[in-house]
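Chemist: Residue 63 in UniProt numbering sits at position 63 of the sequence shown, with consecutive numbering throughout. Note that beta-carbon positions come from the ideal geometry of N, C-alpha and C, so glycine has one too. Owing to the predicted nature of the structure, the values given are computational and were not obtained by experimental measurement. Just dropping this structure here.
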Amino acid sequence: MVQGPLVRAARPPGRHRAEARNARRPRWLGLVVMALLVVALPVWWWQARPFDSRLGLGADAPPAGIGAAQAPLGAPPATPGGRGGYTFMRMQADGTEPVAYDPCRPIHFTTSTVGLPEGGDALVHEAVATMSEASGLRFVDDGLTDEPPTPDRDPYQPDRYGDRWAPVYISFATPDQIPRLAGGTIGLGGSTPRAADDGVLVYVSGSVWLDRDAMTALLRAGRHDSARAVVEHEIGHVIGLNHVSDGSQLMSESGGAVDGPADGDRRGLAILGRGGCRPDL
Ligand SMILES: [Zn+2]
């Protein structure tokens, strides 16, 4: 700041304009060089990163092991007696184990303000608490989001959620927003897996879409248990349970069970809560 005026004052009079023209070119060249650096540096930086930090996931993944502890954060309770069954949404390639979340890190979740009915947030909290207890998986509430419901949600949204897997997304949506809600479907749920370098699939994020109008009607009619059961059922899908034909189970395809997870549901959830820890994802 001190040198600027001194240099200008030392310029011979009459050369000021020519110098300014000459000075313009280096400034212009400087901008080009800076632009090249901005483009080239991240590419170089990414290529220079250790290979194992990406694990073949491509660029659409956060650094591995975000928020991962060395041991499971919780454990499922002892499984009850009874003859209820369970099925899983997805099995590993060898068919022996279900695809599950990493129990060594919390499952973050966020609830959308878009279409959120009165009492909807509390309903979600109740359902999450029940399914967390039954599976032993730890859930962490990231609060509300204004992310709108879309059918093809990206499990990695660093601009919105930072450099980590996007939290599980829970929303009260319309068939216009989520076409699969059309035709009387009151809820949808599921999770997205990613493969570790040994090929083992691990869920990294998920979504629950609840039919806004049907859920609002249940809440307004005082059918709180039914509304909560719908959310629990969809979170069951997120954790990794699929449907059963037994109408006494929460995961019954036809719905109807309103007392939370039953014996078969609990056995399935206990298995899903004992997945392997994967700090490499
Ligand atoms: Zn279902």
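1. Identify which residue in S207, A227, V202 and Y203 has its Cα closest to the Cα of D213.
2. Which of the three DSSP states, helix, strand or coil, is assigned to P5?
3. Using 8 Å as the Cβ pair cut-off and three pairs as the minimum, do the region 168–180 and the region 114–129 touch?
4. Determine the closest residue to G95 out of D102, V231 and L201, with distance taken between C-alpha atoms.
5. For M89 and N242, which I take to be in contact (beta-carbon distance under 8 Å), what is that distance rounded to the nearest angstrom?
6. I170 by DSSP, collapsed to three states: which one?
7. Among L181, R194, Y161 and L218, whose alpha-carbon lies nearest the alpha-carbon of V208?
8. Let me know the secondary structure DSSP gives R83 once reduced to three states.
9. Taking the alpha-carbon positions, what's the R138 to P77 distance?
10. Kindly indicate the opening and closing residues of the beta strand (DSSP E) around A195.
11. Could you tell me the alpha carbon to alpha carbon distance between F109 and D60, rounded to whole angstroms?
12. Rounded to a whole number of angstroms, what is the C-alpha to C-alpha distance between A129 and W165?
13. Give a single yes or no on whether H125 has its beta carbon closer than 7 Å to a heavy atom of ligand 1.
14. Considering D141, what are the terminal residues of the beta strand (DSSP E) in which it resides?
15. Do H108 and ligand 1 come close, with the Cβ less than 7 Å from some heavy atom?
16. Could you give the DSSP three-state label for R266: helix, strand or coil?
17. Is it true that the region 136–155 meets the region 246–262, where meeting means three or more beta-carbon pairs spaced less than 8 Å apart?
18. From the DSSP output, in three-state form, read off D211 for me.
19. I'd like the list of long-range same chain contacts for A127, defined as Cβ closer than 7 Å, with 5 residues on each side in sequence excluded.
20. Could you work out which residue in C104, G143 and Q70 is closest to G275 when comparing CA atoms only?
21. Pull up the distance between the alpha-carbon of L281 and that of R266, whole angstroms please.
22. In this structure, what does DSSP give as the bridge partners for S205?
23. Considering T130, what are the terminal residues of the alpha helix (DSSP H) in which it resides?
24. Pull up the CB-CB distance for G67 and P106, whole angstroms please, since I reckon it's below 8 Å.
25. Among Y101, L123 and G199, which has the Cα closest to the Cα of I239?
26. In angstroms with no decimal places, state the Cα-to-Cα distance between P179 and V244.
27. Roughly how far, in whole angstroms, is the beta-carbon of G119 from the beta-carbon of L219, given that I think they are within contact range, below 8 Å?
28. Quick check on the burial criterion: 16 or more other C-beta atoms within 10 angstroms. Buried or exposed for D211?
29. Which residues have their C-beta within less than 6 Å of a heavy atom of ligand 1, listed in chain order?
30. Would you identify the three-state DSSP class for Y156, choosing helix, strand or coil?
Modeler: Result, derived from the coordinates:
1. A227
2. Bear in mind that a pLDDT of 33 at P5, under 50, signals an unreliable position, so the number given afterwards is only what the model happens to contain. Residue state, collapsed to three classes: helix.
3. yes
4. L201
5. 5 Å
6. strand
7. L181
8. coil
9. 13 Å
10. G187 to A195
11. Straight through space, the alpha carbons of D60 and F109 are spaced by roughly 20 Å.
12. 21 Å
13. no
14. F139 to T145
15. no
16. Looking at R266 - three-state DSSP - the assignment turns out to be helix.
17. By the C-beta criterion, the region 136–155 is judged not to be in contact with the region 246–262, since fewer than 3 inter-stretch pairs fall below 8 Å.
18. DSSP places D211 in strand when its eight states are reduced to three.
19. R228, V231, E232 and I235
20. C104
21. 27 Å
22. T192
23. G120 to S135
24. 7 Å
25. Y101
26. 24 Å
27. 5 Å
28. buried
29. In chain order, the qualifying residues are H233, H237 and H243.
30. Under the three-state reduction of DSSP output, Y156 falls in the coil class, being neither helix nor strand.
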